[in-house]
Amino acid sequence: MRGKDHIVPYSHKVPTRGGPTDVSNLQSLCRTHHNLETNGTWHASTDEGSCTIYWVDRHGDGSTITLHASDQQKNLKIR
16 MRGKDHIVPY SHKVPTRGGP TDVSNLQSLC RTHHNLETNG TWHASTDEGS
66 CTIYWVDRHG DGSTITLHAS DQQKNLKIR
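The sequence shown begins at 16 in the numbering used here and counts up by one.
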């Protein structure tokens, strides 16, 4: 099962400081990969307005994922 995960973390304490809950800041992760990001094993980032997600591990090794336009709709708000 996959869940939506913020690339730039959402701040529950100060929402204006965290990442937005919209398609440009969300990725679909299975529980295993979500836990790898949550515990700091991997870190995800993206360039604003980009459809590319950069995954980097603790050692600086990484992977790049580019979504196609059909995978991501700009300006779609997620509740």
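Backbone N, C-alpha and C fix where the C-beta goes; we use that ideal spot for every residue, glycine too. In this text the structure is predicted, and so the values were computed from the model without any measurement.
_Among Asn54, His49, Thr61, Gly75, nearest to glycine 34 - alpha-carbon criterion_ = The option with the nearest alpha carbon to glycine 34 is Thr61.
_Beta-carbon within less than 6 Å of valine 148's beta-carbon, same chain only, minus the 5 sequence neighbours each way: which residues are those?_
As displayed, the chain neither begins before 16 nor continues past 94, which places residue 148 out of reach and without an answer.
*In the structure shown, what three-state DSSP assignment does histidine 74 receive?*
Correct three-state label for histidine 74: coil.
*histidine 27 in three-state terms, based on DSSP*: In the three-state reduction of the DSSP assignment, histidine 27 falls in the coil class.
*For glycine 77, which residues from the same chain have a beta carbon less than 7 Å from its beta carbon, with the 5 sequence-adjacent residues on both sides left out?*
For glycine 77, same chain residues with a beta-carbon under 7 Å away, outside a window of 5 residues either side, are Tyr69, Trp70, Val71 in chain order.
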